[in-house]
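Q: Supplied in C-alpha cells, the structure appears directly below.
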C-alpha cells in the first residue's frame with residue numbers, strides 16, 4: 107500500500123522524508139521489522155517503543171511513526187520517512203484499519219466484557235451461531251479460532267494491528283460474526299478502537315486487575331468504553347447493549363450507554379430472565395423468558411452461576427436476530443468449556459473439578475457451585491498469580507477458608523515473585539476465616555496429589571486458578587503443566 111494512502115487517515119504533527127513509498131507491512135515490535143515496513147512506536151505499560159526506533163531503522167524500516175519530532179534533535183530515517191503524531195496508539199489503530207481494508211465491513215462484531223464469564227458466554231454464543239447457520243470466529247482467553255483454524259491466544263484481546271490482521275483473515279474466509287472477549291486492558295489501551303461493535307455484552311464486574319487500573323472506579327471506567335463506543339456508524343442498523351441488570355455496576359452502565367439495552371437477570375423487569383433453574387453434576391435446566399417467547403433450555407454446564415452466562419449468550423443472540431429454536435439447540439451443544447468447572451474423569455471415580463477462578467468473586471461462585479454438588483467434604487487447591495494484583499490474595503484465602511472443608515495453598519504462576527510470599531498472603535486470609543484444616547505446599551503437583559489422596563467417595567476436589575492453561579510460569583521459565591492431566595494422574 108502507498109504511504110500517502112495511509113497518511114490520509116492519521117493526524118500528522120510533522121513529517122520528514124519521502125511521500126512516494128510502498129509499505130509492505132506495519133509493525134509495532136522492532137524485532138519483527140523487515141525492509142520496506144512501517145514501524146509504529148508505542149508507549150507500553152512496561153516498555154516504550156520509542157526506545158527501539160534506531161533498532162527499527164537499522165533493520166530497514168522505511169517509515170517510522172512516533173510521538174517524537176523528526177529532524178534536528180530527533181530521529182532521522184535514512185531509509186525513507188519519519189512521521190510525528192500526537193497519539194501513536196490512535197494512529198496505529200487508524201493505520202491498521204486502512205492497511206487491512208476495514209475487514210469488519212461484512213461481519214458482525216460482538217464484544218463481551220466483564221470480570222468473569224466472558225469465555226463461557228463466548229463459547230455458548232459461538233454454538234448458537236453455528237446452529238443458526240452462521241460462520242462464527244472467536245477471539246478470547248483460550249484461543250483465537252474460526253472454522254478450520256485455531257491458534258494460541260497470547261493475550262485475551264490482541265493489539266489493534268494484530269486484531270485487524272486476524273479479522274482480515276477471518277473476512278477472507280467468509281466469517282459472518284466475530285465473538286470477541288474484550289479485556290479491560292485492551293479497552294484502556296485502545297486496542298479495539300475503530301472496531302464497530304454491533305453488540306456489547308457485560309457479564310459482571312468485581313475486583314480484578316487493580317495492579318494495572320489502581321482503583322475499581324478506573325477499572326469500571328475502562329469497561330464502560332466498550333458501551334460508549336456503541337453508536338451507529340452507517341455500517342450497522344442493529345446496535346445493542348446486553349447488560350446484567352442484577353450486577354450493581356451493570357445497573358449503572360444501563361444509564362450510561364446510548365445504545366438500546368437488552369437487560370438480563372432474575373428480576374421480572376429484565377428483558378431476558380430465568381426461572382425454575384435446576385443444577386446437578388449432569389448439567390443445568392431452566393425456563394428462559396424473552397421478548398420473543400419462552401423456552402425450556404438445557405446445558406451441560408454445572409455451575410449455578412452459569413445461568414447468567416446462558417442468559418447473556420441468549421440475549422446476545424436475540425440482539426443478532428437469531429430465532430429461539432436456534433438459541434435453544436445452541437445452548438445444548440457445548441459439552442463444557444475448557445477449564446471452567448471442568449470435571450476430570452479418573453479411574454477412581456472421584457469428583458475432581460478444575461476451574462479458572464482467579465478472583466475472589468469467581469472463587470466464591472465456583473465454590474458455591476460445587477458445594478451444591480458435594481455430598482461429603484469440599485477440598486480446595488489454589489494459589490494466586492505473581493506480578494499481579496496483590497490485594498486479592500488475602501481475600502481469596504478468606505473465601506476459600508469460609509467455603510471449603512480443607513484448603514491446600516500452593517503456587518499458581520508465581521512469575522518473578524517469591525512463591526512463599528504469595529502463599530503467606532493467601533494464608534492470612536485462610537487464618538482470618540477461622541479454618542484450621544489447611545496445608546501449605548508450594549509444589550502445585552504435589553499439592554494436587556495430596557488433595558486427591560485425602561479425598562474419599564462423596565468428597566469433591568476443586569483445583570482453582572489455572573483452568574485451561576497448559577503451562578506454569580516460575581521466574582522467566584514457562585514449563586508444561588496442566589491441572590487436568592495432573593489431577594487425573596494423581597487419581598490413577
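Residue numbers (our numbering): 107 to 598. Glycine is no exception: its CB is placed at the ideal position from the N, C-alpha and C atoms.
Between residue 528 and residue 490, how many whole angstroms is the CB-CB distance? I'm expecting something under 8 Å.
A: The pair is a contact, with the Cβ atoms about 6 Å apart (cut-off 8 Å).
Q: Using the three-state DSSP reduction, which class does residue 378 fall into: helix, strand or coil?
A: Looking at residue 378 - three-state DSSP - the assignment turns out to be strand.
Q: Quick one: what does DSSP say residue 596 is sitting in, helix, strand or coil?
A: Of the three classes helix, strand and coil, the one that applies to residue 596 here is helix, per DSSP.
Q: Which residues bound the beta strand (DSSP E) around residue 242?
A: 242-245 is the span of the beta strand (DSSP E), which, as asked, contains residue 242.
Q: Spell out whether any CB of chain B is found under 7 Å from the CB atom of residue 503.
A: Included in the structure is just one protein chain, with no chain B present.
Q: When the Cα atoms are used, what is the spatial distance from residue 324 to residue 295?
A: C-alpha separation (whole angstroms): 13 Å.
Q: How about residue 415 and residue 310: do their beta carbons lie closer than 7 Å?
A: For residue 415 and residue 310, no; Cβs fall outside 7 Å.
Q: Once you ignore the five residues that flank residue 600 on each side, which residues in its own chain have a CB closer than 7 Å to its CB?
A: Nothing about residue 600 can be read from this structure; the chain reaches only from 107 to 598.
Q: Alpha carbon to alpha carbon, how far is residue 476 from residue 560? Give it in angstroms, no decimals.
A: Near 18 Å, if we compare the C-alpha coordinates of residue 476 and residue 560.
Q: State the CB to CB distance for the pair residue 219 and residue 308, rounded to an integer number of angstroms; the pair is presumed to be in contact (CB under 8 Å).
A: Contact flag correct, Cβ pair sits at about 6 Å.
Q: Use the C-beta contact count for residue 160: other C-beta atoms within 10 angstroms, 16 or more gives buried, fewer gives exposed.
A: The residue in question, residue 160, is exposed, as its Cβ has fewer than 16 Cβ neighbours within 10 Å.
Q: For residue 532, report the span of its alpha helix (DSSP H) as first-last.
A: Its alpha helix (DSSP H) spans residues 525-539.
Q: Exposed or buried, residue 192, counting other C-beta atoms within 10 Å across all chains shown (16 or more means buried)?
A: Label assigned to residue 192: exposed.
Q: Decide if residue 577 is buried, meaning its Cβ has at least 16 other Cβ atoms within 10 Å, or exposed.
A: Result: exposed.
Q: Apart from the five residues on each side of it in sequence, which residues of its chain come closer than 8 Å, Cβ to Cβ, to residue 373?
A: Same-chain partners within the cutoff: 351, 352 and 379.
Q: Under 7 Å between the Cβ atoms of residue 288 and residue 243?
A: Against a cut-off of 7 Å, the Cβ pair of residue 243 and residue 288 comes out as no contact.
Q: Which class does residue 186 belong to by DSSP, given the choice of helix, strand or coil?
A: Coil, per DSSP.
Q: Roughly how many angstroms separate the alpha carbons of residue 109 and residue 278, rounded to a whole number?
A: Their backbone Cα atoms lie some 24 Å apart in a straight line.
Q: Restricting to runs no shorter than 3 residues, where is the beta strand (DSSP E) found entirely within the region 136-185?
A: The qualifying runs are 144-146 and 169-172.
Q: In three-state DSSP terms, what is residue 513?
A: Strand at residue 513.
Q: Could you check if residue 555 is buried or exposed, using at least 16 other CB atoms within 10 Å of its CB as the buried criterion?
A: Burial call: buried.
Q: Let me know the secondary structure DSSP gives residue 340 once reduced to three states.
A: Caution is warranted here: a pLDDT of 48 is assigned to residue 340, below 50, making its placement in the model unreliable, and the coordinate value is therefore given only provisionally. Of the three classes helix, strand and coil, the one that applies to residue 340 here is coil, per DSSP.
Q: Applying the criterion that 16 or more other CB atoms from any shown protein chain within 10 Å of the CB defines a buried residue, is residue 157 buried or exposed?
A: That one is exposed.
Q: How long is the line joining the alpha carbons of residue 187 and residue 165, rounded to whole angstroms?
A: Between residue 187 and residue 165, the C-alpha separation is close to 14 Å.
Q: Pick from 523, 453 and 506: whose alpha carbon is nearest that of residue 596?
A: Per the Cα distances, 453.
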